[in-house]
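A.B. asks: Just so you know, we're using the numbering used here here: the sequence shown kicks off at 417 and counts up by one.
Handing you a structure now.
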Amino acid sequence: MKRHILVVGSLNMDLVVQAPRHPQPGETILGGPFATIPGGKGANQSVAAARLGAQVVMIGRTGDDHFGEELRQRLAADHIEINHIAVTPEAATGIALIAVDATGQNSIIVALGANALLQPEDIQAAEALFRTAAVLLVQLETPVATVTEALRLARRYRVPTLLNPAPAQPLGREILGMVDYLLPNEHEVRLLSGGKESPAEAARQLRAQGVGSVIVTLGAAGALVVDQEGATTIAPFRVEAVDTTAAGDAFAGAFAVALYEGMSPREAAIWGAAAGAITVTRAGAQPALPRRAEVEALVAQGTPK
Numbered sequence: 417m418k419r420h421i422l423v424v425g426s427l428n429m430d431l432v433v434q435a436p437r438h439p440q441p442g443e444t445i446l447g448g449p450f451a452t453i454p455g456g457k458g459a460n461q462s463v464a465a466a467r468l469g470a471q472v473v474m475i476g477r478t479g480d481d482h483f484g485e486e487l488r489q490r491l492a493a494d495h496i497e498i499n500h501i502a503v504t505p506e507a508a509t510g511i512a513l514i515a516v517d518a519t520g521q522n523s524i525i526v527a528l529g530a531n532a533l534l535q536p537e538d539i540q541a542a543e544a545l546f547r548t549a550a551v552l553l554v555q556l557e558t559p560v561a562t563v564t565e566a567l568r569l570a571r572r573y574r575v576p577t578l579l580n581p582a583p584a585q586p587l588g589r590e591i592l593g594m595v596d597y598l599l600p601n602e603h604e605v606r607l608l609s610g611g612k613e614s615p616a617e618a619a620r621q622l623r624a625q626g627v628g629s630v631i632v633t634l635g636a637a638g639a640l641v642v643d644q645e646g647a648t649t650i651a652p653f654r655v656e657a658v659d660t661t662a663a664g665d666a667f668a669g670a671f672a673v674a675l676y677e678g679m680s681p682r683e684a685a686i687w688g689a690a691a692g693a694i695t696v697t698r699a700g701a702q703p704a705l706p707r708r709a710e711v712e713a714l715v716a717q718g719t720p721k
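See below:
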């Protein structure tokens with residue numbers, strides 16, 4: 417029986433500082449409150465999916481340090497299976513330096529740490545998880561070779577694959593051809609398509625390279641679904657943003673859960689947009705991710721006409 421969402425990805429401790437604006441190169445400015453908050457795209461997406469009611473298993477790596485222990489404990493508290501999150505003494509747990517300005521926009525620098533040591537062999541050792549997975553969700557904060565191996569095993573066991581291609585980097589046809597659902601933002605879809613200005617044109621080009629469906633997240637403008645049925649715009653839910661950290665992760669986790677429950681890509685994108693909208697109204701990464709009742713209520717409310 418296909419029973420869980422399988423996430424292969426990163427775990428980071430986010431070091432977050434509030435600031436009135438982002439500094440210019442060479443400039444020092446005074447910031448506001450500082451916090452350490454559990455994050456990492458893989459961990460965030462795992463939590464997003466688990467809080468919406470899915471059974472989630474995560475494959476990843478942390479360092480043998482306080483940050484790693486806290487990250488694993490936080491995932492377990494959200495009922496995520498962590499038996500396949502390895503602890504390695506060779507590197508520190510990944511961290512992200514995040515500055516959030518007065519409008520809620522963020523800039524992020526990630527030090528991958530132990531995430532960079534997640535190897536294809538780690539994926540092969542967990543092959544049994546792929547046999548019973550309903551969905552595979554991956555990102556690019558772990559080595560591309562590791563992501564490729566996860567996609568390959570998912571293909572072997574006919575598991576639908578979701579790739580959130582962040583941080584943005586060029587990808588070849590080998591990877592793109594194994595992706596059923598690609599979830600980029602505007603910047604990422606432009607880079608992957610070689611510079612196409614229109615998100616719809618970029619998405620169509622990526623489909624021509626083997627991607628099944630492309631769902632472009634557009635921030636305050638909503639989302640765009642491009643698949644075999646054409647292009648459909650998903651209207652945004654109007655909210656006042658406090659912090660955009662993890663909005664894309666909320667979208668990806670909710671999209672995965674919706675597919676897991678049998679929804680269409682367009683229905684899944686609405687769920688993703690709702691989860692992302694709720695997330696930006698609160699500070700931090702994992703603490704801001706919504707519960708199922710919140711997403712259901714916002715979806716039922718609908719988007720402004």
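We put the CB at the ideal spot given by N, CA and C, even for glycine.
Among the candidates V563, V551, L528, whose CA atom is the shortest distance from the CA of E537?
C.D. replies: Answer by Cα proximity: V563.
A.B. asks: Pull up the CB-CB distance for Q461 and A699, whole angstroms please, since I reckon it's below 8 Å.
C.D. replies: The Cβ separation is near 19 Å, so there is no contact.
A.B. asks: Between A716 and V696, what straight-line distance do the alpha-carbon atoms span, to the nearest angstrom?
C.D. replies: Taking the straight line from one Cα to the other gives about 19 Å.
A.B. asks: Am I right that A459 and D517 are in contact with their C-beta atoms under 8 Å? What's the rounded C-beta distance?
C.D. replies: Contact doesn't hold; Cβ gap of about 24 Å is too wide.
A.B. asks: Which of the three DSSP states, helix, strand or coil, is assigned to A651?
C.D. replies: The answer is coil: DSSP assigns A651 none of H, G, I, E or B.
A.B. asks: Output the boundary residues of the alpha helix (DSSP H) element that contains S462.
C.D. replies: Per DSSP, S462 belongs to the alpha helix (DSSP H) from 457-467.
A.B. asks: Assuming G529 and G476 are in contact, meaning their beta carbons sit under 8 Å apart, how far apart are those beta carbons, in whole angstroms?
C.D. replies: The Cβ separation is near 11 Å, so there is no contact.
A.B. asks: Reducing DSSP to helix, strand and coil, say where Q363 ends up.
C.D. replies: The question about residue 363 has no answer here: the residues shown for the chain are numbered 417 through 721.
A.B. asks: Measuring only the C-alpha atoms, how far is L513 from V432?
C.D. replies: Cα-Cα distance, rounded: 6 Å.
A.B. asks: Tell me whether A435 sits in a helix, a strand or coil according to DSSP, three-state version.
C.D. replies: Note: A435 maps to coil in three-state DSSP.
A.B. asks: If we call anything under 8 Å between Cβ atoms a contact, is A618 one with I421?
C.D. replies: No.
A.B. asks: Report, in whole angstroms, the separation of the C-beta atoms of I650 and G638, which I expect to be a contact under 8 Å.
C.D. replies: Between G638 and I650 the Cβ distance is about 5 Å, and since that is below 8 Å, they are a contact.
A.B. asks: Kindly indicate which residue of H495, H482, L578, Y676 has the alpha-carbon position closest to the one of G510.
C.D. replies: Selected option, being the one with the closest Cα: H482.
A.B. asks: In whole angstroms, what is the alpha-carbon distance linking D643 and I694?
C.D. replies: If I take the Cα positions, the gap works out to 26 Å.
A.B. asks: Have a look at E543 and P439 and give me their C-alpha separation to the nearest angstrom.
C.D. replies: Distance between the alpha carbons of E543 and P439: 45 Å.
A.B. asks: Just confirm the distance between the C-beta atoms of L640 and P600, as a whole number of angstroms; I'd bet it's less than 8 Å.
C.D. replies: So it is not a contact: roughly 10 Å between Cβ atoms.
A.B. asks: Taking the alpha-carbon positions, what's the L533 to N580 distance?
C.D. replies: L533 and N580: Cα-Cα distance of roughly 20 Å.
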